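Trainee:
Residue numbers (the working numbering): 857 to 1042.
(1) Could you tell me which uninterrupted beta strand (DSSP E) segments, each at least 3 residues in length, are contained entirely in the region 924–984, listed from first to last along the chain?
(2) Relative to the ligand GDP, is the shortest distance from any of its heavy atoms to the C-beta of residue 915 smaller than 7 Å?
(3) I believe residue 886 touches residue 902 by the beta-carbon criterion, under 8 Å. Please report the beta-carbon distance rounded to the nearest angstrom.
(4) How about residue 987 and residue 947: are their beta carbons less than 8 Å apart?
(5) Compute the beta-carbon to beta-carbon distance between residue 967 and residue 944, rounded to the nearest angstrom, for a pair I have assumed lies under 8 Å.
(6) So for residue 1018, helix, strand or coil by DSSP?
(7) Out of 880, 858, 868 and 859, point me to the one whose CA is closest to residue 1039's CA.
(8) Give the single residue among 953, 859 and 888 whose Cα lies nearest to the Cα of residue 900.
(9) Within 10 angstroms of its Cβ, does residue 977 collect 16 or more other Cβ (buried), or is it exposed?
(10) Applying the criterion that 16 or more other CB atoms from any shown protein chain within 10 Å of the CB defines a buried residue, is residue 955 buried or exposed?
(11) Assess contact between the region 903–923 and the region 1020–1035, defined as three or more Cβ pairs (one per stretch) separated by less than 8 Å. Is contact present?
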């Protein structure tokens, strides 16, 4: 598979949680450096981790889409500049060392911001992923940065009522379920 197509297809997996596509484009030894802030299943090597990451993002954002704006490559790396777009309809939950760090209640707002991703490629598959994202722009689009009093009250309310913890458990379960799809596709 052409390296540029490989990059596009990886982001199609994130948009769709397609286990067959994940098996075709993601190496079994795949490592995602960015999984440190995601549910634990996202750190699983190989296609399973990518499927878990897809479920995590799709849990928070409907109409998730990645538009590739530019690419550069060499023999074993692909750099992609892209736009992440979607609507924030579910809790966006970030983790630290596998436990809830923060949960942003759904806002219904659209996101549209740029990122740069570096993919390691070997033998026609993606073996590594790291990214530079503009999270400040995304948080601004969600209305939580800079923290407005109303947004802060919602986040604190979610934490105090236990909704943040329940959202973290639910998204971790969804990510683990999506990771299990990788075995079905093999």
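A virtual CB, placed ideally from N, CA and C, is assigned to each residue, including glycine. Every value quoted in this text rests on a predicted model; they were computed, and no experiment measured them.
Mentor: Short version:
(1) Within the region 924–984, the complete beta strand (DSSP E) runs of at least 3 residues are 933–944, 948–952, 955–960 and 966–978.
(2) Judged by which ligands are present, the structure shown has none, so any question about the ligand GDP falls away.
(3) Residue mapping note: residue 886 aligns to position 30 of the chain shown, counting from 1. Residue mapping note: residue 902 aligns to position 46 of the chain shown, counting from 1. Going by Cβ atoms, the distance from residue 886 to residue 902 rounds to 5 Å, so yes, they are a contact pair.
(4) Here the question's residue 987 lines up with position 131 in the chain shown. Here the question's residue 947 lines up with position 91 in the chain shown. Judged by beta-carbon spacing, residue 947 lies beyond the 8 Å limit of residue 987, meaning their Cβ atoms are not closer than that value.
(5) On the chain shown, residue 967 is found 111 positions in, with the first residue counted as 1. On the chain shown, residue 944 is found 88 positions in, with the first residue counted as 1. About 6 Å separates the two Cβ atoms, so the contact holds.
(6) What you label residue 1018 is simply residue 162 of the chain shown in a count that begins at 1. Shown here, residue 1018 sits in coil according to DSSP, grouped into three states, outside any helix or strand.
(7) In the chain shown, the residue the question calls residue 1039 occupies position 183. The shortest C-alpha separation from residue 1039 is found at 880.
(8) In the chain shown, the residue the question calls residue 900 occupies position 44. It is 888.
(9) Walking along the chain shown from the start, residue 977 turns up at place 121. Per the 10 Å Cβ criterion, buried.
(10) Sequence index remark: in the chain shown, residue 955 carries index 99 (1-based). The residue in question, residue 955, is exposed, as its Cβ has fewer than 16 Cβ neighbours within 10 Å.
(11) Under the Cβ criterion (8 Å, minimum of three pairs), the region 903–923 counts as touching the region 1020–1035.
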